[in-house]
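Okay, so here's the structure we're looking at.
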Amino acid sequence: MSDREFHERLAGARRRFASRIDERLRSVEKTIAQGDFETARRILHNLAGAAPTFGFEAFGAKAREIEALIADGYQSRSPGPEETSTIIRETALLRHDTKGLEA
Numbered sequence: 001m002s003d004r005e006f007h008e009r010l011a012g013a014r015r016r017f018a019s020r021i022d023e024r025l026r027s028v029e030k031t032i033a034q035g036d037f038e039t040a041r042r043i044l045h046n047l048a049g050a051a052p053t054f055g056f057e058a059f060g061a062k063a064r065e066i067e068a069l070i071a072d073g074y075q076s077r078s079p080g081p082e083e084t085s086t087i088i089r090e091t092a093l094l095r096h097d098t099k100g101l102e103a
């Protein structure tokens, strides 16, 4: 594979990743609203891990912060209403901040 082909494939993967961010964050919001914090944490973990690969370091760092909020909230119990509100608010802000994300 030539360098050009590699970069074209990477650019395509980056566009696909960026195009799915909103959907994935909506899934986080939905699973949190349903009380499924483990699924929300796992989605955020996957986003946070993949984001830097595609040049979205700041997004990945924020997703990791929200993942940590969830993990901290349910280490010994389920997150309470205040923690849940914070997690939902932070996820919504992250989703809003990614609206014009350049792919």
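Under full-length UniProt numbering, the final residue of the sequence shown carries the number 103; numbering is consecutive throughout.
Glycine included, each C-beta is placed from N, C-alpha and C at the ideal position.
For a quick check, are the C-beta atoms of E67 and R41 less than 8 angstroms apart?
yes
Buried or exposed: K93, going by 16 or more other Cβ atoms within 10 Å of its Cβ?
Checking the sequence, you will find Leu at residue 93 rather than Lys. It is exposed - the Cβ of L93 has fewer than 16 other Cβ atoms within 10 Å.
Taking its Cβ as the centre, do 16 or more other Cβ atoms sit within 10 Å of K99, making it buried, or is it exposed?
exposed
Anyone know if the C-beta pair for A50 and F6 falls short of 8 angstroms?
A50 places its beta carbon 8 angstroms or farther from that of F6.
On the premise that G55 lies in contact with R14, defined as a C-beta separation below 8 angstroms, what is that separation, rounded to the nearest angstrom?
7 angstroms
Considering only their Cβ atoms, is the gap separating I70 from I88 smaller than 8 angstroms?
no
Using only alpha-carbon positions, find the residue among L10, A63 and G80 that is nearest to V28.
Across the set L10, A63 and G80, the C-alpha of A63 shows the shortest separation from the C-alpha of V28.
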